[in-house]
Amino acid sequence: MAGSDAPPLLSVRDVRLRYGETPALGGVSLEVAEGEISAVIGPSGCGKTSLLRVTAGLERAESGEVWLDGRRIDAVPAHRRGIGLMFQELALFPHLDVESNVAFGLRMQGLGGAARADRVAEMLALVGLSGYGGRKVHELSGGERQRVALARSLAPRPRLLMLDEPVGALDRALREELLTELADILRSQGLTAIYVTHDQEEAFALADRVLVMEGGLARQSGRPEEIYGAPADAWVARFLGRTNLVAGELTPSGDGRARVRTPLGEFVVASAAAAPGPVTLLLGDERARVEPAEAGEESGAPMPDESVVTGEVVGRAFQGRRVRLRVRSGEAELAFAVDPPSGGGGWEVGDAVRVRLDPASIRVLPPEG
């Protein structure tokens, strides 16, 4: 990856787009450094694919700019931008064999026969399909067709590779296998890529940076750890599956911490910069400890300033190394993925429990509404 002081390879600046009267992009910006894998995530209809299509030159934005390699490319035709594309639909040519599909972009570049054949063989070896050149597309499995599409996208040596839900149609096991291979290939080749998906797990597994979109707008951008650990607001938190959100009133305590009164009780938070007033708390389950509600001091001394939620277990799911508990506390239903008890057994639906939370796992978000 390029150094932090280097200019970005791709810079999309305040791009706006409408389809008729329907706004698709409301002023979205994106920067991708050379050698970086960036993911764009969000629900269906949020503008992810529109952003990709404007960047690739398949759509013309109403306003804004697209720069690649220090050159503005708004008016450059798609086939001259040096951008490789891979879509979920693949768009392989069914009447051509694998070799001819992979060679298509090379022919468009005018690459000669011997050099073209060498590059095709190199790409098929890269994606694990050596010896498949003479096969027809209909003879391939879904995963093999995905590999052919990737080889075809990479063959012309694009400056930027853009992938739109490329494994969305595959079953979970094959999707995870291809994601691992894709990450290895992109990094081994030093490629710069944008990966568009609605699946946060795909994005977090693959990307160096993530852009979260909703309603044609950019909601948050940052490293996967930053996005997950400190979502910008309640909407981002919910999209990431972090639903332990509680409204409260914050009062700074003057020691780098604050106290937040909520319907579930008072919580201590590490938030020196938070202003007093209404907030939303995100209750994380990092280092959370669950114990019977009637447990005494023998259960261990509390962590400094830890906060406690009491309630009833209303659901449980065994997840291998962890147990996911749904706990109803007052009018709220919260979820915690925690380690099972060391002595075996566990918690059952109907158990009264106490959940001890580390203050570092509690995030202060803007109030909703």
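Residue numbering for the sequence shown follows numbering that gives the first Met the number 0, beginning at 0 and increasing consecutively.
Yeah, the Cβ is synthetic: ideal placement off N, Cα and C, and Gly gets one too.
Just so you know, these numbers come straight off a predicted model, no measurement behind them.
Asked: Distance, residue 233 Cα to residue 248 Cα; Found: 16 Å
Asked: Contacting residues, own chain, Cβ-Cβ under 7 Å from residue 328 (five flanking each side not counted); Found: 263, 308, 309 and 310
Asked: Three or more C-beta pairs below 8 Å linking the segment 114 to 126 and the segment 39 to 49; Found: no
Asked: Alpha-carbon spacing of residue 164 relative to residue 347, whole angstroms; Found: 39 Å
Asked: Buried or exposed by the 16-neighbour rule on C-beta atoms within 10 Å, applied to residue 151; Found: buried
Asked: Local conformation of residue 66 per DSSP, three classes; Found: strand
Asked: Opposing strand residues paired with residue 264 [DSSP bridges]; Found: 261
Asked: Expected contact under 8 Å - CB spacing of residue 432 and residue 80 to nearest Å; Found: Because the chain spans 0 through 368 in this model, residue 432 falls outside it and cannot be assessed.
Asked: Classification of residue 335 by the beta-carbon crowding that lies within 10 angstroms, buried from 16 upward; Found: buried
Asked: Paired residues, beta bridge with residue 103 - DSSP; Found: In DSSP, residue 103 forms no bridge with anything.
Asked: Residue 62 versus residue 206 - alpha carbon distance; Found: 28 Å
Asked: Buried versus exposed, by CB contacts within 10 Å (16 or more), residue 319; Found: exposed
Asked: Assumed close pair residue 166, residue 145 - CB separation to whole angstroms, cut-off 8 Å; Found: 7 Å
Asked: Cβ-based neighbour list, residue 287, same chain, cut-off 8 Å, excluding 5 preceding and 5 following; Found: 335, 337, 354, 355, 356, 357 and 360
Asked: Proximity winner among 191, 19 and 142, relative to residue 171 (alpha-carbon distances); Found: 142
Asked: Nearest-angstrom Cα separation, counted from residue 192 out to residue 199; Found: 17 Å
Asked: Outcome for residue 237 when other beta-carbon atoms lying within 10 angstroms are tallied against a minimum of 16; Found: exposed
Asked: Exposure label - residue 219; buried when at least 16 CB within 10 Å; Found: buried
Asked: Contact under 9 Å by Cβ, residue 129 with residue 116; Found: no
Asked: Residue burial classification, residue 111 (beta-carbon count within 10 angstroms, cutoff 16); Found: exposed
Asked: Residue range of the unbroken beta strand (DSSP E) whose run includes residue 131; Found: Neither: residue 131 is in no beta strand (DSSP E) and is coded neither H nor E.
Asked: Beta carbon of residue 278 nearer than 9 Å to that of residue 246; Found: yes
Asked: Residues that residue 25 bridges to, as DSSP identifies them; Found: 15
Asked: Bridge partner(s) assigned by DSSP for residue 277; Found: 248
Asked: Residue 179 classed as buried or exposed, judged by whether at least 16 other C-beta atoms fall within 10 angstroms; Found: exposed
Asked: Pairwise C-alpha distance: residue 221 and residue 289; Found: 32 Å
Asked: Cβ-Cβ separation, residue 345 to residue 322 (assumed contact under 8 Å), whole Å; Found: 6 Å
Asked: Whether residue 35 touches residue 57 by CB criterion (9 Å); Found: no
Asked: Spatial distance of residue 267 from residue 367 (CA atoms); Found: 20 Å
Asked: Three-state class that DSSP yields for residue 431 in the structure shown; Found: Because the chain spans 0 through 368 in this model, residue 431 falls outside it and cannot be assessed.
Asked: Cα-Cα separation between residue 208 and residue 99, rounded to whole angstroms; Found: 34 Å
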